[in-house]
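In the UniProt record's numbering, the protein residues as written are 1 to 356.
Working notes, structure below.
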DNA sequence: TATACGTGGAA
DNA sequence: TTTCCAAGTAT
């Protein structure tokens with residue numbers, strides 16, 4: 001068989017597999033439906049960045065119900081969107097999501113650009129997302145490379161170069177096997193394959209539709225591809241958080257700066273997070289320390305947050321910008337997971353305190 | 001090119 | 001328990 005035929009066989013095999021086994025996902029137009037809605041495709045792609053399908057599901061449902069189109073999202077207030085995103089992580093995505101929605105609503109007349117280049121210029125839309133939306137929502141031929149595609153392609157061609165150095169090689173190999181027609185389906189098929197068969201661990205090579213096309217399956221350990229550079233050790237940091245409660249059952253919440261960890265999110269006042277954080281509370285009060293620090297693991301460090309709890313007078317205002325939030329409504333504040341856990345620990349401590 | 005940036009589930 | 005990993009982007 002000629003090389004070009006072999007290349008075409010890969011796309012043909014994969015699309016045949018997809019026609020039968022495509023996962024049914026909320027952001028995929030059902031068979032026979034009208035063309036995909038670019039808003040829903042874009043929203044799902046942003047939510048899915050570094051995030052599992054299972055985690056995205058409820059958030060996608062919530063967002064599309066509350067904000068059915070890009071104009072509705074663009075018109076929403078920042079705090080509402082940030083709170084709705086709380087718990088999903090990587091909060092820069094939520095800030096960029098709003099910026100992008102407003103750019104589309106204002107600068108593009110409410111319509112998403114339909115080219116990779118136009119999409120790429122939007123906030124929070126990188127090489128992957130631009131290619132994915134161009135292909136899936138607009139039927140463009142685009143080379144879509146995410147972690148699934150990287151893994152599948154590295155195995156198909158047994159690419160021995162370690163990541164991240166292998167990226168250019170993987171991209172051009174993906175370009176070669178991407179068909180002119182159905183590039184969107186091809187991309188989604190690659191991702192389905194990577195998520196269900198060509199998985200990172202214990203790939204199911206025995207039932208893989210590309211088994212006959214795969215170089216790695218002929219090696220001793222197909223799962224070893226792609227080769228990856230060793231990871232750095234994760235440092236451990238300490239921090240303090242303060243739960244300041246008023247007699248009328250309100251707690252003091254701050255909004256974190258846009259840049260940095262948990263940027264733009266509501267939070268408890270807290271210290272810097274490092275080897276030896278300053279444990280000086282934001283105000284003078286009778287502080288109780290919650291016995292067990294809240295342990296939390298982020299992407300590049302782990303944190304033990306010591307939570308402190310105090311009741312203050314009704315007329316007290318802690319320093320800095322913030323707001324009094326009803327404790328009974330703390331679930332609606334949109335606290336990121338770390339601070340949701342800290343709040344939980346503080347409230348537990350508060351009940352103990354009340355019994356004394 | 002390397003680093004910052006969340007979270008929860010699986011092995 | 002620990003480690004890895006999931007539809008990446010911005011700087």
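Cβ coordinates follow ideal geometry from the N, Cα and C atoms, glycine included.
Only a predicted model underlies this, so the values are computations on that prediction, with no experimental measurement involved.
Close beta carbons around residue i, own chain, < 8 Å, minus the five adjacent residues each side
i           : result
residue 193 : 14, 17, 148, 152, 208, 209 and 210
residue 161 : 169 and 227
residue 6   : 213
Cα-Cα separation between residue i and residue j, rounded to whole angstroms
i           : j           : result
residue 253 : residue 97  : 24 Å
residue 175 : residue 259 : 35 Å
residue 319 : residue 288 : 20 Å
residue 363 : residue 306 : The structure shown has nothing for residue 363, since the chain only spans 1 to 356.
residue 286 : residue 95  : 37 Å
residue 344 : residue 242 : 12 Å
residue 79  : residue 101 : 15 Å
residue 256 : residue 157 : 46 Å
residue 66  : residue 195 : 29 Å
residue 105 : residue 219 : 51 Å
residue 45  : residue 321 : 34 Å
residue 167 : residue 144 : 12 Å
residue 261 : residue 93  : 12 Å
residue 415 : residue 301 : Limits of the chain in this structure are 1 at one end and 356 at the other, which puts residue 415 out of reach.
residue 224 : residue 198 : 12 Å
residue 239 : residue 60  : 33 Å
residue 139 : residue 331 : 41 Å
residue 178 : residue 142 : 8 Å
residue 180 : residue 189 : 15 Å
residue 298 : residue 278 : 21 Å
residue 355 : residue 348 : Low per-residue confidence applies at residue 355: pLDDT is 45, beneath 50, and the placement is therefore not dependable enough to give any value.
residue 137 : residue 10  : 23 Å
Per-residue DSSP class, three states only, for residue i
i           : result
residue 141 : coil
residue 21  : helix
residue 37  : coil
residue 16  : helix
residue 27  : coil
Cβ-based neighbour list, residue i, same chain, cut-off 7 Å, excluding 5 preceding and 5 following
i           : result
residue 342 : 241, 268, 294, 305 and 307
residue 146 : 128 and 191
Sequence-distant residues of the same chain with beta carbon closer than 6 Å to residue i, five excluded per side
i           : result
residue 202 : none
residue 74  : 101, 102 and 105
* beta strand (DSSP E) runs wholly inside the region 200 to 284, at least 3 long, in chain order -> 236 to 245 and 250 to 255
* **the region 247 to 256 / the region 310 to 326 touching (three or more Cβ pairs under 8 Å)** => yes
* **Inter-stretch contact (C-beta, 8 Å, three-pair minimum) for the region 81 to 99 and the region 323 to 339** => yes
* To do: Tell me, please, whether the region 126 to 138 touches the region 100 to 111 by the rule of three or more beta-carbon pairs shorter than 8 Å.
  => no
* Asked: Would you call the region 229 to 237 and the region 34 to 54 touching, i.e. three or more CB-CB distances under 8 Å?
  -> no
* Which ranges would you report for the alpha helix (DSSP H) in the UniProt domain "HhH-GPD" (47 to 196) if only whole runs of at least 4 residues count? -> 53 to 66, 70 to 74, 78 to 85, 92 to 107, 116 to 120, 127 to 138, 147 to 156, 167 to 177 and 183 to 196
* Asked: Which runs of the beta strand (DSSP E) fall wholly inside the region 285 to 355 and span at least 3 residues, in chain order?
  -> 294 to 297, 302 to 311 and 323 to 326
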